[in-house]
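For reference, the structure is listed below as structure tokens.
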Amino acid sequence: MMAYDMLELAGRNLKESKLRNMLTTAGIAVGVASLVALLSLGIGLQAWANRNLNRSGIFETVAVFSKRDFMSFDSDERRSEKTKSNENAQPLDAAARNEIAKLPNVVEVYPEMRFQTEVVFEGHSQFSTVAGLPLSARGSDAFDDAQGRFFSGPEADEVVLQEDFAKRISPNAPLLGKQVTLRYAERSATDAGTQEQGFTVLRREKTFTIVGIVKQEPYGGWRNFARGRLFIPVNVAEKMNVLQPSALRDAVSAGAKPTYISLLVRVGNPKDAQAVQEAIKKMGFTTWSALDASKGMRRFFLALDLFLIIFGSLGVAVASLGIINTLVMAILERRREIGIMKAIGASDADVKRLFFAEAAAMGLAGGAFGVALGWAIGRVINLGTNWWFARQDLPPENFWLVPWWLVAAAIVMAVIVSLVSGLYPAARAAKLDPVQALRYE
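Below, the structure is given as structure tokens:
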């Protein structure tokens, strides 16, 4: 039997029982729609997470620690094992910073500056956390809907406030252009002629002009447990010589020469982060980058997608039972017709191909309608989510993504499932005895 005749006959057979075949196709469409809707959610969430992380610049940053400092995060047993090997660990000082800055593809190297300070505004004071930001943080998504502006320069005595902190110090009055004073402890090295090692602690004050207010903390490096509430240029923060927790350790073990708690290394392209990280490790330092955390995130989304596939495939599996039922009923209704076909020369293979063609047609139609329905469901839910976000004064987001490969995979899967479902009905139809079939009334 020619392919054209086969398709024409399959189409005519499907039209004979329109309601039943339409309901079967609708069952396939619902199963495919649930699968597409769930997977598009998983894919969309992953794309949303990657998009926001890329905009924050986190994938372009490598955090560097001295092995001597990073050892404190280990258990007592592991720490005792590492003590001997890390006794002569290279300090994370200015010399190390200069060496790291010379590495290929490194754009900038700056210290992680974060410290507690007393904030004085219009006669009222309270303690909060100050964080230093490089000029590259200007591109952070935190400044998309910020009030005011970013720092005018790397040495500017300007400050950006976090929104909740700004409301705390001045609930109603505008803050932009006003001044705030920071009181802090300055570390000052002692005169080598009077004391061999050590430093003095001096009480200092510095006034800054408020130039901006942001809702969330801009990403400027490694986020410590204490989130920043005030942000100043990292160059200004470094020159303030604020007393850090590592100061006592420096005085005891390394003299008055200061060291950094951590350095942040920014590369020009996220693809270069891995190579830079390995080069820094060879210099004797411990590193951490978002690439380390993203491996766990990729595993999480892989497990999530697998779960969504399994859950969404249940609908397709139920639809396959409908296909089997429809084709078995077609055998009973067309028993005499099948007998005539075999009597005039149709082979068992021709009968099987006919039923496979009908199953594939229902799968193709159901897959196409299912993809459209799944896309529509995703769009409606996304619109509803953004409507709720708008009521909460949150920016709109797109959590749904239907890539072309998902469309193709869903339709192909629907056709394959339909063909597999047609195996039993096709084999049963092919086994019919034409003599017995012609006697069937």
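In terms of my numbering, the sequence shown opens at residue 490 and continues consecutively.
Every residue, glycine too, gets a C-beta built ideally from N, C-alpha and C.
*asked:* Going by beta-carbon coordinates alone, are Gly-801 and Ser-523 separated by less than 7 Å?
replied: yes
*Enumerate, from N- to C-terminal direction, the unbroken beta strand (DSSP E) stretches of 3 or more residues contained entirely within the segment 617-658.*
647-651
*Cα-Cα, which of Lys-556, Ile-589, Gly-628 and Glu-588 is closest to Asn-541?*
Gly-628
*Roughly how far, in whole angstroms, is the beta-carbon of Pro-600 from the beta-carbon of Glu-694, given that I think they are within contact range, below 8 Å?*
Contact flag wrong, Cβ pair sits at about 22 Å.
*Taking buried to mean at least 16 other C-beta atoms within 10 Å of its own C-beta, is Trp-889 buried or exposed?*
buried
*asked:* Considering only DSSP beta bridges, list what Ser-809 is partnered with.
replied: Ser-809 is not bridged to any residue.
*asked:* Applying the 10 Å Cβ sphere with the 16-neighbour rule, what's the burial state of Thr-689?
replied: exposed
*Tell me which same chain residues have a C-beta within less than 7 Å of the C-beta of Ile-866, skipping the five on either side of it?*
Ala-522 and Ala-526
_Cα-Cα separation between Pro-892 and Ala-899, rounded to whole angstroms_ = 11 Å
*Assuming Ile-827 and Pro-914 form a contact by the criterion Cβ under 8 Å, report the distance between their Cβ atoms to the nearest whole angstrom.*
That pair is no contact at about 11 Å.
*Assign Phe-472 to one of three DSSP states: helix, strand, or coil.*
The requested residue 472 is not part of the displayed model; the chain covers only 490 to 930.
*Note down, in chain order, each residue of its chain lying with its Cβ closer than 7 Å to the Cβ of Arg-787, except the 5 sequence neighbours on either side.*
none
*Examine the Cβ distances between the segment 769-777 and the segment 508-520 and report whether three or more of them are shorter than 8 Å.*
no
_Three-state class that DSSP yields for Ala-835 in the structure shown_ = coil
_Quick check: what's the CA-CA separation for Ala-848 versus Ala-903?_
10 Å
*asked:* Let me make sure I understand the geometry here. Which of Val-669, Glu-675 and Leu-530 has the alpha-carbon closest to that of Thr-696?
replied: Val-669
*Select from Asn-510, Leu-780, Leu-624 and Ser-555 the residue whose C-alpha is nearest the C-alpha of Thr-748.*
Ser-555
*Figure out for me which residue from Trp-864, Asn-871, Ser-751 and Arg-917 has the closest Cα to the Cα of Asp-582.*
Ser-751
*Can you pull the DSSP bridge partners for Glu-694?*
Arg-672
*Please work out which residues of its chain come closer than 6 Å, Cβ to Cβ, to Asp-794, disregarding the five sequence neighbours upstream and downstream, and give them in chain order.*
Gly-531
*Which first and last residues belong to the alpha helix (DSSP H) in which Pro-914 is found?*
912-919
*CA nearest to the CA of Ile-721, picked from Gln-733, Lys-770, Ile-699 and Val-901*: Ile-699
*Taking just the CA atoms, how far does Thr-815 sit from Leu-508?*
11 Å
_Three or more C-beta pairs under 8 Å: does that hold for the segment 826-841 against the segment 875-885?_
no
*Leu-508 - DSSP class collapsed to helix/strand/coil*: helix
*asked:* Considering only DSSP beta bridges, list what Tyr-749 is partnered with.
replied: According to DSSP, Tyr-749 bridges with nothing at all.
_Using only the alpha-carbon positions, how far apart do Leu-797 and Leu-895 sit?_
13 Å
*Contact set for Arg-712: own chain, Cβ-Cβ below 6 Å, skip 5 residues either direction*: A caution first: Arg-712 carries a pLDDT of 49, below 50, which makes its placement in the model unreliable, though a value can still be read off. For Arg-712, where only same-chain residues beyond five positions count, there are no Cβ hits under 6 Å.
_Close beta carbons around Ser-677, own chain, < 8 Å, minus the five adjacent residues each side_ = Phe-688, Thr-689, Val-690, Leu-691 and Asn-730
*Where do the ends of the beta strand (DSSP E) carrying Val-891 lie?*
That residue, Val-891, is in no beta strand (DSSP E); it is neither H nor E in DSSP.
*asked:* Can you confirm whether the segment 752-772 touches the segment 603-611 when touching is taken to mean that 3 or more C-beta pairs between the two stretches lie within less than 8 Å?
replied: no
*Find the nearest neighbour of Ala-897 within the set Gly-855, Asn-724 and Ala-655, judged by alpha-carbon distance.*
Gly-855
*Leaving out five residues before and five after Ser-910 in sequence, what residues of the same chain have Cβ atoms less than 7 Å from its Cβ?*
Ser-809, Ile-812, Ile-813 and Ala-848
*asked:* Going by beta-carbon coordinates alone, are Val-723 and Leu-622 separated by less than 7 Å?
replied: yes
*DSSP three-state call for Gly-701: helix, strand or coil?*
strand
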